[in-house]
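Going by full-length UniProt numbering, the sequence shown opens with residue 1, and the numbers climb by one from there.
Every residue gets a Cβ at the ideal spot worked out from N, C-alpha and C, and that includes glycine.
Fair warning: this is a prediction, and the values are worked out from it, not measured in the lab.
These notes concern the structure reproduced below.
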Amino acid sequence: MTNVAVTGAAGNLGTVLVRALAGSAAVDSVRAFSRRPLRVCHDRVESVLYSSISELTADHLNGIDCLIHGAYVVEEPRDKQQAWKVNVEAVESVVELAVEAGVGHIVVLSSINAYGDAYRAGQCLDESVAIQRTPGKFYFDHKAEMEIRLAERSQRDPNIRQRLCILRPTYVVGPDIENSGIRMFRQRVIVYPRAGSAAYQFLHQDDFASAMLGIIEHRCSGVFNIGPKGYLTVRQIAELGGNKCISIPLRAAERLAEFLYRLKLSRYSSEWVTIGEATVTSRRLEEHIRWYPRWSCVESAAVMLSNG
């Protein structure tokens with residue numbers, strides 16, 4: 001049996017993970033760390049509230065076999081410096097605490113955004129493709145820098161290298177997932193840069209959860225992409241939802257987003273305006289743990305659009 005700890009447990013992905021872990025016969029207990037009350041109630045789940053991830057100590061991780069770190073700032077904050085502390089610096093500290101506490105398996109959630117915003121749909125990246133910093137796109141940049149730092153630490157310290165697993169999921173959607181990006185995809189009129197080529201891979205939350213359970217069971221280390229085959233362009237997403245799509249130039253979209261953000265009429269600035277995301281292959285994960293998604297990209301997108 002396995003005792004698992006989850007940080008960011010009240011967030012979207014945290015909720016999916018806590019629910020899946022609590023329902024797994026292979027998991028003995030779940031210690032859920034969060035800044036807000038959990039959305040999951042289960043006899044095997046112990047809720048630990050904190051006001052900041054910096055409050056976490058090695059003592060909090062006593063008796064834990066596997067730590068899943070998922071506490072990040074995703075929705076764009078006004079204070080980017082504070083987001084950097086959470087998204088980059090705190091991750092290093094949490095990994096060090098886990099090693100100090102004797103946690104044998106450390107799983108850090110990253111994102112395909114770590115590849116940057118230069119790759120386009122259809123290139124189908126695997127884990128051999130180098131990640132890259134993306135100044136001016138805070139979340140992309142934070143994910144890349146976080147991974148760079150952890151890779152450097154892993155090279156220097158075999159205790160980290162043998163225990164650490166970094167996961168790069170594509171866009172996770174499902175009944176427990178709600179964010180500004182999903183709300184944008186549900187709009188009756190979607191205004192998006194290069195909508196005919198900008199694309200996304202949608203991963204159903206159940207497939208994300210099953211991949212995580214397999215990774216824990218097999219104590220995987222290294223870096224893995226998690227996503228379905230195929231992708232949808234923004235125009236196709238709009239058509240799937242029966243909505244209208246207006247394609248505009250990238251620079252115009254960035255200027256519009258920045259204008260609305262400064263007026264506090266929008267929750268995201270030009271830092272979240274991109275020509276979609278990179279598309280990836282999950283072949284390495286499939287080979288390691290025989291994981292295959294049950295939901296296609298199109299089916300997952302349909303669930304996302306119907307939940308609004």
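Cut-off 6 Å between Cβ atoms - residues of its own chain near residue i, not counting five sequence neighbours on either side
i           : result
I289        : G214 and H218
A71         : T7, G8 and I53
V91         : M146
D206        : none
residue 309 : The chain is shown from 1 up to 308; residue 309 falls before or after that span and cannot be answered.
R153        : I160
T170        : I112, Q201, L203 and G227
S24         : L213
K80         : F138
Pair within 9 Å by beta-carbon distance, residue i and residue j
i           : j    : result
M212        : I112 : no
V73         : A83  : yes
W272        : K137 : yes
T281        : L97  : no
F38         : T15  : Note that residue 38 is Leu in the sequence shown here, rather than Phe. In contact: L38 and T15 (Cβ atoms closer than 9 Å).
P175        : G227 : no
A198        : T274 : yes
S34         : S47  : yes
E299        : S180 : no
A301        : F185 : yes
residue 339 : I160 : The chain is shown only over 1 to 308; residue 339 falls outside these bounds and no answer can be derived.
E178        : N307 : yes
F208        : R284 : no
V172        : L49  : no
V129        : C165 : no
A195        : T233 : yes
D59         : V99  : no
R44         : A10  : no
V131        : I148 : Per the sequence shown, the amino acid found at residue 131 is Ile instead of Val. Yes. Within cutoff.
R188        : K229 : no
W291        : S210 : yes
L56         : S110 : no
N-terminal and C-terminal residue of the beta strand (DSSP E) that residue i is part of
i           : result
R168        : L164 to P169
A5          : T2 to T7
V223        : G222 to I226
R31         : V27 to S34
residue 309 : Outside the displayed range of the chain (1 to 308) lies residue 309, so it cannot be described from this structure.
I182        : Where I182 is concerned, there is no enclosing beta strand (DSSP E), although the alpha helix (DSSP H) it sits in stretches over S180 to F185.
P193        : V189 to P193
L49         : V45 to L49
N-terminal and C-terminal residue of the alpha helix (DSSP H) that residue i is part of
i           : result
E286        : R283 to I289
G148        : Here the sequence assigns Ile to residue 148, which means Gly is not the residue at that position. F138 to R156 is the extent of the alpha helix (DSSP H) around I148.
residue 370 : The chain is shown from 1 up to 308; residue 370 falls before or after that span and cannot be answered.
I216        : Q205 to E217
L21         : N12 to A22
Cβ neighbours of residue i in the same chain (closer than 7 Å, five flanking residues each side left out)
i    : result
N62  : A101
I248 : V191 and P193
Y119 : L125 and A278
Y231 : A121, A199, Y200, Q201, T279 and C297
D141 : R133, T134 and P135
L305 : F185, R186, L240 and G241
E286 : Y292
A42  : Per the sequence shown, residue 42 should be read as His rather than Ala. Correct list, in chain order: A22.
V18  : V6, A9, V30, A32, L38, V40 and V45
Close beta carbons around residue i, own chain, < 8 Å, minus the five adjacent residues each side
i           : result
V4          : L21, V27, S29, V30, R31, I64, D65, C66, L67, I68 and I216
residue 332 : Outside the modelled stretch of the chain, which goes from 1 to 308, sits residue 332, for which no answer is possible.
L260        : S266
V88         : H142, E145, M146 and R149
Q155        : R161
residue 309 : Outside the modelled stretch of the chain, which goes from 1 to 308, sits residue 309, for which no answer is possible.
A252        : P193
Any non-hydrogen atom of the ligand ZN closer than 8 Å to residue i Cβ
i   : result
L21 : The ligand ZN is absent from the structure shown, which contains no ligand whatsoever.
Short CB-CB distance (under 9 Å) between residue i and chain B
i   : result
A71 : In the structure shown, chain B cannot be found, because there is only a single protein chain.
- request: Would you check if the region 228-247 and the region 264-272 touch, i.e. whether three or more CB-CB distances between them fall below 8 Å?
  value: no
Quick one: complete alpha helix (DSSP H) runs, 4+ long, within the region 57-111? 80-84 and 90-100
Inset, instruction - Tell me the start and end of each unbroken alpha helix (DSSP H) in the region 225-286 that is at least 4 residues and wholly inside, in chain order. - result: 234-240 and 250-262
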